[in-house]
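All the letters of the sequence shown, read from the start, carry residue numbers 65 to 159 under the numbering used here.
We treat Cβ as the ideally placed atom computed from N, Cα and C, and that holds for glycine.
Keep in mind it's a predicted model, so treat the numbers as computed, not measured.
Right, one structure below, let's go through it.
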Amino acid sequence: MSLTLAEVEHIARLARLELSEEEKTRYREQLSAILDYAARLRELDTSRIAPTASVLAEGLPLREDEPAPGLDVSEVLGNAPQAEDGQFRVPPILE
């Protein structure tokens, strides 16, 4: 399935992306290839495969759940847009 440039522009607008003409052309080709591959997968007969089938071996070993030290409050709040009194500051939702 080949996408048009208009469809790529629509997708970019929905994703709030500004694309150059070169990017639009490149993404049109890449997205078209992805859709073509998905169409090929739809052609496979999966009627004999259970919906819950898995390629993983059953009973895989899990690691032990052991407590570990957490992050320091200053590290956690370091990336927050706003912090106050050692807590995240968020805009009020009720006025």
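Query                                                                                                                                                                : Result
Less than 8 Å between the C-beta atoms of Arg92 and Leu67, yes or no?                                                                                                : yes
With a Cβ-Cβ cutoff of 8 Å, do Val72 and Leu95 count as a contact?                                                                                                   : yes
I need the DSSP call for Glu122, collapsed to helix, strand or coil.                                                                                                 : coil
Within the region 85-137, note down every full alpha helix (DSSP H) run reaching 4 residues or more, in order along the chain.                                       : 85-106
So for Ala79, helix, strand or coil by DSSP?                                                                                                                         : coil
By the three-class DSSP mapping on this structure, what secondary structure does Ala144 have?                                                                        : coil
Return the chain-ordered list of same chain residues with a C-beta closer than 8 Å to the C-beta of Met65, the five sequence neighbours on each side being excluded. : Ser96, Leu99, Asp100 and Ala103
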